[in-house]
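Trainee:
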Amino acid sequence: MLYKFSFAGITFEIASVSMLLGRDHSMLLMLTYLVLHGISSVLFSMAIALIVPKRYQKPRVWLWLYLIAFNFFMPVIGLLCALIAILTGVLWPKTERGAEFDTAMAPRFTTIGKREGSGFHGTRVRAQLSNSKVPLSERLNALVAIQNTPTRSSGDALRRLLTDPADDVRLLAYGILDSKEKKITQRIAEARLQLGVAEQGELRAVLHQQIAELYQELIYQNLVHGDLLIYSCDQMRDHAQMALLLNPAESGLWFMLVRLELMCSNVAGAQQAIYHAEQHGFSRVRLLPYLAELSFLQKDYERVRQLFSEISFNPSVSAAPQIHRYWTGETR
-5 MLYKFSFAGI
5 TFEIASVSML
15 LGRDHSMLLM
25 LTYLVLHGIS
35 SVLFSMAIAL
45 IVPKRYQKPR
55 VWLWLYLIAF
65 NFFMPVIGLL
75 CALIAILTGV
85 LWPKTERGAE
95 FDTAMAPRFT
105 TIGKREGSGF
115 HGTRVRAQLS
125 NSKVPLSERL
135 NALVAIQNTP
145 TRSSGDALRR
155 LLTDPADDVR
165 LLAYGILDSK
175 EKKITQRIAE
185 ARLQLGVAEQ
195 GELRAVLHQQ
205 IAELYQELIY
215 QNLVHGDLLI
225 YSCDQMRDHA
235 QMALLLNPAE
245 SGLWFMLVRL
255 ELMCSNVAGA
265 QQAIYHAEQH
275 GFSRVRLLPY
285 LAELSFLQKD
295 YERVRQLFSE
305 ISFNPSVSAA
315 PQIHRYWTGE
325 TR
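For the sequence shown, this note's numbering assigns the number -5 to the initial residue and increments by one for each residue that follows.
1. Counting along the chain, where does the alpha helix (DSSP H) carrying Ser245 start and finish?
2. Would you kindly report the start and end of the unbroken alpha helix (DSSP H) that includes Val200?
3. Would you mind working out which of His219, Lys177, Leu256 sits nearest Pro283, comparing C-alpha positions?
4. On the CB-based measure, 16 or more other CB atoms within 10 Å of its CB, does Ala271 come out buried or exposed?
5. Just to check my reading of the structure: Leu328 and Val261 have Cβ atoms closer than 8 Å, yes? What is that Cβ distance to the nearest angstrom?
6. Can you tell me whether Met230 is buried or exposed, with buried defined as 16 or more other CB within 10 angstroms of its CB?
7. Rounded to whole angstroms, what is the Cα-Cα separation between Leu155 and Asp228?
8. Applying the criterion that 16 or more other CB atoms from any shown protein chain within 10 Å of the CB defines a buried residue, is Glu207 buried or exposed?
9. For Asp161, report the span of its alpha helix (DSSP H) as first-last.
10. Among the candidates Thr143, Asp158, Glu287, Gly190, whose CA atom is the shortest distance from the CA of Ile170?
11. Pick helix, strand or coil for Gln141, following the three-state DSSP scheme.
12. Can you tell me whether Gly323 is buried or exposed, with buried defined as 16 or more other CB within 10 angstroms of its CB?
13. Measuring CB atoms only, is the region 262 to 269 touching the region 235 to 245, in the sense that at least three cross pairs come out at less than 8 Å?
14. I need the straight-line Cα distance from Ile33 to Leu57, nearest angstrom please.
15. Go through its chain and collect everything with a Cβ distance to Leu281's Cβ below 8 Å, but skip five positions before and after it.
16. Hey, Ile42 and Leu61: beta-carbon distance below 7 Å or not?
17. Could you tell me the distance, in whole angstroms, from the CA atom of Gly190 to the CA atom of Tyr214?
18. What does the Cβ neighbour count give for Gln203, buried or exposed, with the cut at 16 atoms within 10 Å?
19. Going by beta carbon distance, what residues of the same chain come within less than 7 Å of Val119, once the five residues before and after it are set aside?
20. Note down, one range per segment and in chain order, each alpha helix (DSSP H) of at least 4 residues found wholly within the region 17 to 74.
21. Would DSSP call Arg297 helix, strand or coil?
22. With DSSP run on the structure shown, which of helix, strand or coil describes Gln265?
23. Excluding five sequence neighbours on each side, which residues of the same chain lie with their C-beta closer than 6 Å to the C-beta of Lys108?
24. Arg98 lies in the alpha helix (DSSP H); which residues open and close that run?
25. Helix, strand or coil for Thr322? Go by DSSP, reduced to three states.
26. Going by beta carbon distance, what residues of the same chain come within less than 6 Å of Val128, once the five residues before and after it are set aside?
27. How is Gly107 classed by DSSP in three states: helix, strand or coil?
28. If you follow the alpha helix (DSSP H) that Ile224 is part of, which residue opens it and which one closes it?
29. Thinking just about the alpha-carbon of each residue, which of Ala167, Gln300, Val163, Glu287 is nearest to the one in Thr145?
30. Counting only the same chain and skipping the five closest in sequence on each side, list residues whose C-beta sits under 8 Å from that of Arg164.
31. Tell me the rounded alpha-carbon separation between Leu187 and Gln180.
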């Protein structure tokens, strides 16, 4: 097609130019020339469009209009200029651009997660906080560094600082603990307000579960102690049971009660919660450690040994390999 369009365009262009070279200069001759020249311009444009690089071919209609106008208003020279421009765009050295995307190495998979606040960096921070001989500015920086770590990891260190001789350290430690506790208690208060106006049983079940989970967070993060801990446990138990009255098939809530009752050493309550969790489809594999703990509280040590044998043990995953070896009788 390229050669056909080019040959036809050249033919019409030669015919139009030859008419201009004649002696007749009438208006009809001029109109005939313009028609022939226009046809040759269209043919040349179609030929050039075939060799234009793909990145210049869109929008195609505007490309054709540009080439037709270029060839029509600049006879012969327009064709040469268009070809030179295309060759320049194709052959001219391109400016080197950095890769927009790079290939990243796949992260290494680890089977055991490190708790925040642990490890070398966490140990160094704890040492700075507990050593009153460290400059105050460094201790404050270390305190700021652990304020976003879970209180379950940093809570003990923060509470020890409540009796620190440095006022700034005491105030900052108290502020961190108080801020984390208030965030959760504020959410509990908001959920209680919603519960007070909720009428639908399904919504009330969701709100009771949400409140129970928030109290669980207070307990899990070690934000409450003493009487407040007892009160939080009672509230968590009450709201979990209210949610289960409305939706007894919620196995996750039964599992929450399992953990709570075992923490409170309530053997009967833990046994009942484990039974219902299993009945409603909760994973037995996840319940095995809690079944072992329950059997230990019941002083059924043979049952504990059987459950530890049932637990699939992986030294790289287990958080307490010594306990597993003790109950199963395995050696290193």
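Beta carbons: idealized from backbone N, C-alpha and C, even for Gly.
Mentor: Based on what the coordinates show:
1. Boundaries of the alpha helix (DSSP H) around Ser245: 245 to 257.
2. According to the DSSP assignment, Val200 belongs to the alpha helix (DSSP H) that extends over 195 to 214.
3. Selected option, being the one with the closest Cα: Leu256.
4. Ala271 is buried by the Cβ-count criterion.
5. Since the first residue of the chain shown is -5 and the last is 326, residue 328 is not available in this structure.
6. Met230 should be labelled buried.
7. If I take the Cα positions, the gap works out to 29 Å.
8. With 16 or more Cβ atoms within 10 Å of its Cβ, Glu207 is classed as buried.
9. Asp161 -> alpha helix (DSSP H) spans 161 to 191.
10. Distance from the Cα of Ile170 is smallest, within the candidate group Thr143, Asp158, Glu287, Gly190, for Thr143.
11. Coil.
12. Exposed.
13. Short answer: they don't touch.
14. Their backbone Cα atoms lie some 17 Å apart in a straight line.
15. If you ignore the 5 residues before and after Leu281, its C-beta comes within less than 8 Å of the C-beta of Phe249, Val252, Ile268, Ala271, Glu272, all in its own chain and listed in chain order.
16. Contact flag set, yes.
17. Looking at the two C-alpha atoms, the distance is approximately 26 Å.
18. With 16 or more Cβ atoms within 10 Å of its Cβ, Gln203 is classed as buried.
19. For Val119, same chain residues with a beta-carbon under 7 Å away, outside a window of 5 residues either side, are Ala136, Ala139, Ile140 in chain order.
20. Fully enclosed alpha helix (DSSP H) runs of 4 or longer: 21 to 45, 54 to 67.
21. Arg297: helix per DSSP, three-state reduction.
22. Reduced to three states, the DSSP call for Gln265 is helix.
23. Residue placement at Lys108 is flagged as unreliable, the pLDDT there being 45, under the threshold of 50; a coordinate-derived value is accordingly withheld.
24. What sits at residue 98 in the sequence shown is Ala, not Arg. No alpha helix (DSSP H) holds Ala98; DSSP gives it neither H nor E.
25. In the structure shown, Thr322 sits in a helix (DSSP, three-state: H, G or I).
26. Within its own chain, the residues whose Cβ lies closer than 6 Å to the Cβ of Val128, once the five positions on either side in sequence are excluded, are Gln122, listed in chain order.
27. Caution applies to Gly107, whose pLDDT of 45 falls short of 50 and renders its modelled position unreliable; the model cannot decide the point.
28. 221 to 240 is the extent of the alpha helix (DSSP H) around Ile224.
29. The residue among Ala167, Gln300, Val163, Glu287 with its C-alpha nearest the C-alpha of Thr145 is Ala167.
30. So the list reads Leu155, Leu156, Thr157, Asp158, once near-sequence residues are dropped.
31. Whole-angstrom Cα-Cα distance: 11 Å.
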